[in-house]
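Asker: Dropping the structure in here first, questions after.
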Amino acid sequence: MSFPSIETRRKAMFSLPPRAVGTRSAAFEVDTPQPPPTQCRTTKLTWQGGVPPYVLQIVYEVNGTVAQEFDSLTNNTLFWTANITAGTRLHLVLSDTSSLAPSDSGPFIIQPGVDSCLSNSSGTNSSIGPSGTTSPPGSRLIPGTTVELRGPLM
Numbered sequence: 001m002s003f004p005s006i007e008t009r010r011k012a013m014f015s016l017p018p019r020a021v022g023t024r025s026a027a028f029e030v031d032t033p034q035p036p037p038t039q040c041r042t043t044k045l046t047w048q049g050g051v052p053p054y055v056l057q058i059v060y061e062v063n064g065t066v067a068q069e070f071d072s073l074t075n076n077t078l079f080w081t082a083n084i085t086a087g088t089r090l091h092l093v094l095s096d097t098s099s100l101a102p103s104d105s106g107p108f109i110i111q112p113g114v115d116s117c118l119s120n121s122s123g124t125n126s127s128i129g130p131s132g133t134t135s136p137p138g139s140r141l142i143p144g145t146t147v148e149l150r151g152p153l154m
């Protein structure tokens, strides 16, 4: 299943009359991770409302680019290994099949931890965690050097 881009959905939202925006039956919200994720540790990411399948993006706060994307999610939770360098400021963007506008979390900062899940060459994230841990089929690292892909990609 292919989803329109975030930009396309945002443009569509602003072109609709006010009554057409936000017509879903339940609140559609992605939660800001609390406590903030720790580098190379697994964190539970959660959201409510909307209609699956979902697309969850982990986005760099500084420039708005997508660090990682998980698509075809059918539950309202994802266990994610924070394979992004400590000190990085991020936020979550969640889209579903029925909503015109995505849901954004508040910003959060990756906390210091072990660096076993990070790339040795550049000090930046380049893997999606150890095999079989938290990455669902269809997950991928958007700007990365080397990445292990599992499952079908769209």
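Residue numbers (full-length UniProt numbering): 1 to 154.
Where is the CB? At the ideal position from N, CA and C, for every residue including glycine.
1. Output the distance between the C-alpha atoms of Ser25 and Val51, rounded to the nearest integer angstrom.
2. For Thr65, count neighbouring C-beta atoms within 10 Å of its own C-beta (all shown protein chains included) and say buried if the count is 16 or more, exposed if not.
3. Give me the Cα-Cα distance between Phe28 and Ser95, rounded to the nearest whole angstrom.
4. Determine the contact status of Thr81 and Lys44, defining contact as a CB-CB distance below 7 Å.
5. Roughly how many whole angstroms lie between the Cα atoms of Asp115 and Arg41?
6. Taking 6 Å as the limit between beta carbons, can you name the residues of its chain near Pro143, skipping five residues before and five after?
7. For Ser119 and Gln111, what's the separation of their Cα atoms in angstroms?
8. Are Thr38 and Gly106 touching if we call contact CB-CB under 7 Å?
9. Buried or exposed, going by whether 16 or more other CB atoms sit within 10 Å of the CB of Val62?
10. Once DSSP output is grouped into helix, strand and coil, what is the label at Gln57?
11. Taking buried to mean at least 16 other C-beta atoms within 10 Å of its own C-beta, is Phe79 buried or exposed?
Answerer: According to the data block:
1. On the sequence shown, residue 25 is found 25 positions in, with the first residue counted as 1. On the sequence shown, residue 51 is found 51 positions in, with the first residue counted as 1. Bear in mind that the predicted position of Ser25 carries a pLDDT of just 47, short of 50, making it unreliable; the figure below should be weighed with that in mind. For Ser25 and Val51, the distance between alpha carbons rounds to 10 Å.
2. For the purposes of this step, residue 65 is taken as the residue at position 65 of the sequence shown. Per the 10 Å Cβ criterion, exposed.
3. Position 28 of the sequence shown, counted from the start, is the residue given in the question as residue 28. Position 95 of the sequence shown, counted from the start, is the residue given in the question as residue 95. Near 9 Å, if we compare the C-alpha coordinates of Ser95 and Phe28.
4. Working through the sequence shown from its first residue, we reach residue 81 at position 81. Working through the sequence shown from its first residue, we reach residue 44 at position 44. No, they are not a contact pair.
5. Looking up residue 115 in the sequence shown gives position 115. Looking up residue 41 in the sequence shown gives position 41. Roughly 10 Å between the two C-alpha positions.
6. Here residue 143 corresponds to residue number 143 of the sequence shown, with the count starting at 1. The predicted position of Pro143 is uncertain, since its pLDDT is 43 and thus under 50; no value can be drawn from it.
7. Position 119 of the sequence shown, counted from the first residue, corresponds to residue 119. Position 111 of the sequence shown, counted from the first residue, corresponds to residue 111. Straight-line Cα distance between these residues: approximately 17 Å.
8. The count along the sequence shown starts at 1 and reaches residue 38 at position 38. The count along the sequence shown starts at 1 and reaches residue 106 at position 106. The answer is no: Cβ separation not under 7 Å.
9. Taking the first residue of the sequence shown as position 1, residue 62 is located at position 62. So Val62 ends up on the exposed side.
10. For the purposes of this step, residue 57 is taken as the residue at position 57 of the sequence shown. Here Gln57 sits in strand by DSSP.
11. By one-based count along the sequence shown, residue 79 stands at place 79. Answer is exposed; the Cβ neighbour count stays below 16.
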